[in-house]
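Student: Here the sequence shown is numbered in the numbering used here, starting from 6 and rising by one per residue.
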Amino acid sequence: MASLALTSAVNLRLRPTPSQKPRISITQSLHFTQTSLKTTNLGKSLNLGGKRLNLEKSRRVIVKTSASASSPAIVPQQQPPWQGAAMKPLIASIATGVILWFIPAPAGVTKNAWQLLAIFLATIVGIITQPLPLGAVALMGLGACVLTKTLTFAAAFSAFGDPIPWLIALAFFFARGFIKTGLGNRIAYQFVKLFGSSSLGLGYSLVFSEALLAPAIPSVSARAGGIFLPLVKSLCVACGSNAGDGTEHKLGSWLMLTCFQTSVISSSMFLTAMAANPLSANLTLSTINQTIGWMDWAKAAIVPGLVSLIVVPLLLYIIYPPTVKSSPDAPRLAKERLEKMGPMSKNEIIMAGTLLLTVGLWVFGGALKVDAVTAAILGLSVLLVTGVVTWKECLGEAVAWDTLTWFAALIAMAGYLNKYGLISWFSETVVKVVGGLGLSWQLSFGILVLLYFYSHYFFASGAAHIGAMFTAFLSVASALGTPPYLGALVLSFLSNLMGGITHYGIGSAPVFYGANYVPLSKWWGIGFVCSVVNLIIWLGVGGIWWKAIGLW
């Protein structure tokens, strides 16, 4: 059989007859080459049309025939792309935790607190370098806490019962309905129609709209996620700037950063603009026995706040500009799009009514005893019941679930760093060091302010930071000669502004970062630049204003 196959293959390739078309498949040729060489002895020869070819010659002909037939058709197999972690960032993250783990804990710090700090910093390094998606990195951090017995399972996952991560996730579901119904596009086109001749004008219109709502909605997460994220995303899409397709820099990157960085400023300007602000006021009363009223807070914050709201968008426009800066035809085009959209659809009306209901509950929730996350759940329930948003669509919002995971993980770890006494040890150490320098109260307070502000890298919650460090720093500042009321107000303002340095430091951060318009390295880098500018404005311009109104 092997000889027959050999004869057929050579005849077909070398000398076809008119009645016999040369047909040889790649698989037949390759099969023949393998089987014939195994079964035919080197001394045998074959008769082909009266001519004798020895096996060596036939072997050469066959190999040549097989190669020529197969060479154009063989496609080299490609290895599937690596689906796992990026190894260098993963090694850097693990090395950070291992090195710190084996460094002896300082005096006054418990073993559990030091080990949790090692895991927390390793997780932060992983979140920055991203060997895996953020949720996966955070989940591994929680796993390490449980595996090493640093935290119990219940403690590690305790923050999944915290309302803030859920409020942020719910915001993404609202955004889905906002865009799906077309209501987001309708409002976006109205903004473009009024302010859209320039990107800067569009940005400022959003900034001051958010600042006007800030005193009425005491949750920056609700304002950012429930109102402005859907609107900003719709504006970006309407202007042809989408996440993940290379058009982010047309408008979206700058607009997301602008709305985020100014959200921390507006939160600083009013006592009711952020949920943790009343905590600062309560701790001020218990520490120095002085009350910060709503008007007192607003009066002290209004001048530096307005300056920051004007300067920060312009700064971002210079250092991280949109590629589309002006569009004179945009208002006309937006007007045409609105005319084509016609009257509001049924789903748009339902979405608008649900939004008004939810915002109303956020505004009057204190009097009605309805918190922000309960109001958001009620609003989402309306959307689900009416079919404006389906549960399948909610499950498909991967960014929402990813953000819920990593934000809750960081809240849990940061919270237990405080419970284990690490934060109080840090505060007491700072107090002793700064108090022993013998500086003027202005310089001493400046050092305390910087330490208070930038220690927020270790916190995923403004309320947790205030609860852990506000009283200690205010007490020391007062003891070193800082006017107590001034010190309390400055620390209260900074407790909001410091949220802008990371993508997890305040409720609006994961909302805007989760839109995926800005890389994490840029988010942190620009956050640091904006923090320096805000400190200069609030301590410089603010200091002059506070002197003018008699605070010092």
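Just so you know, even glycine gets a beta-carbon here, dropped at the ideal spot from N, CA and C. Predicted model, so just to flag it, every value in this text is computed and none were measured.
Among the candidates G140, P85, S272 and T186, whose CA atom is the shortest distance from the CA of G504?
Tutor: Closest by alpha carbon: S272.
Student: Taking Cβ to Cβ, would you say G231 is nearer than 8 Å to T359?
Tutor: no
Student: Using a Cβ-Cβ cut-off of 7 Å (strictly less than) and excluding sequence neighbours within five positions of N423, which residues of its own chain qualify?
Tutor: Around N423: A469 and A473.
Student: Assign S203 to one of three DSSP states: helix, strand, or coil.
Tutor: strand
Student: Tell me whether the stretch 283–293 and the stretch 482–496 touch, counting them as touching only if at least three CB pairs, one residue from each stretch, are closer than 8 Å.
Tutor: yes
Student: Closer than 8 Å is the cut-off here; do at least three beta carbon pairs connect the stretch 268–283 with the stretch 549–557?
Tutor: no
Student: Whose C-alpha, out of I173, L494 and F464, is nearest the C-alpha of D407?
Tutor: I173
Student: Using a threshold of 8 Å, state whether the C-beta atoms of S204 and V516 are closer than that.
Tutor: Not in contact: S204 and V516 (Cβ atoms no closer than 8 Å).
Student: Please work out which residues of its chain come closer than 8 Å, Cβ to Cβ, to L121, disregarding the five sequence neighbours upstream and downstream, and give them in chain order.
Tutor: Counting only residues of its own chain and dropping the five nearest sequence neighbours on each side, L121 has a CB closer than 8 Å to the CB of C150, T155, L156, M418, Y421, L422, Y425 and L427.
Student: Cα separation between W459 and L485?
Tutor: Sequence check: residue 459 is Tyr here, not Trp. Spanning the two alpha carbons is a distance of roughly 21 Å.
Student: Under the rule that 16 or more other beta-carbon atoms within 10 Å means buried, what is L540, buried or exposed?
Tutor: buried
Student: DSSP state of S331, grouped into three classes?
Tutor: strand
Student: Taking Cβ positions, are Y194 and A243 nearer each other than 8 Å?
Tutor: In contact: Y194 and A243 (Cβ atoms closer than 8 Å).
Student: Exposed or buried, what is T44 when buried is set at 16 or more other beta-carbons lying within 10 Å of its beta-carbon?
Tutor: With a pLDDT of 41 at T44, under the threshold of 50, the modelled position of this residue cannot be trusted; read the value that follows with caution. With fewer than 16 other Cβ atoms within 10 Å, it is exposed.
Student: Can you have a look at S386 and say buried or exposed, based on whether 16 or more other CB atoms are within 10 angstroms of its CB?
Tutor: exposed
Student: Rounded to whole angstroms, what's the CA-CA distance from S268 to E215? Just pull it up for me.
Tutor: 7 Å
Student: Exposed or buried, what is N521 when buried is set at 16 or more other beta-carbons lying within 10 Å of its beta-carbon?
Tutor: exposed
Student: Skipping 5 residues on each side, what residues in its chain have a beta carbon closer than 8 Å to that of L320?
Tutor: V534, C535 and V538.
Student: What is the residue span of the alpha helix (DSSP H) that N117 lies within?
Tutor: Taken as a continuous stretch (DSSP letters only), the alpha helix (DSSP H) holding N117 covers K116 to T134.
Student: Kindly provide the ranges of any alpha helix (DSSP H) runs that are 4 or more residues long and lie completely inside the stretch 199–280, ordered along the chain.
Tutor: 204–218, 234–243 and 257–274
Student: Under DSSP, the alpha helix (DSSP H) around M145 begins and ends at which residues?
Tutor: L139 to L152
Student: Going by C-alpha distance, which of L479, T379, P138 and G451 is nearest A176?
Tutor: When only C-alpha atoms are compared, the closest one is T379.
Student: Suppose the cutoff is 6 Å on Cβ atoms and the five residues either side in sequence are ignored; what does the same chain contact list for L527 look like?
Tutor: Per the sequence shown, residue 527 should be read as Lys rather than Leu. Excluding positions up to five away in sequence, the list is empty.
Student: With 16 other CB atoms within 10 Å as the buried threshold, where does I2 fall?
Tutor: Coverage of the chain is limited to positions 6 through 557, which leaves residue 2 absent and any answer about it impossible.
Student: Cutting at 7 Å between CB atoms, please list the residues of its own chain near P309, excluding the five before and the five after it.
Tutor: I542, W543, V546, G547 and W550
Student: Going by DSSP, what residue range makes up the alpha helix (DSSP H) through D3?
Tutor: An answer regarding residue 3 cannot be provided, because it is not within the stretch 6 to 557 covered by the chain.
Student: Around the Cβ of K238, are there at least 16 other Cβ atoms within 10 angstroms (buried) or fewer (exposed)?
Tutor: buried
Student: List the whole-angstrom C-beta distance separating S246 from P336, where the pair is believed to meet the contact cut-off of C-beta under 8 Å.
Tutor: With a Cβ gap of about 17 Å, S246 and P336 do not count as contacting.
Student: How about S98 and A127: do their beta carbons lie closer than 8 Å?
Tutor: yes
Student: Can you tell me where the alpha helix (DSSP H) holding P309 begins and where it ends?
Tutor: W299 to I324
Student: Whose CA, out of L211, L499 and L448, lies closest to the CA of G467?
Tutor: Measuring from the Cα of G467, the nearest candidate turns out to be L499.
Student: Using the C-alpha atoms, what's the distance from A381 back to P168?
Tutor: 11 Å
Student: Under the assumption that W367 contacts S224 (Cβ atoms under 8 Å), give the Cβ distance between them as a whole number of angstroms.
Tutor: Between W367 and S224 the beta-carbon gap is near 6 Å, inside 8 Å, which marks them as a contact.
Student: By Cβ distance, which residues of its chain are closer than 6 Å to A229, with the 5 residues on each side in sequence left out?
Tutor: S268, S513 and V516
Student: Who are the Cβ neighbours of S429 in its own chain at under 8 Å, not counting the five residues just before and after it?
Tutor: N423, A473 and A477
Student: Can you give me the C-alpha to C-alpha distance between G365 and A372, rounded to a whole angstrom?
Tutor: 11 Å
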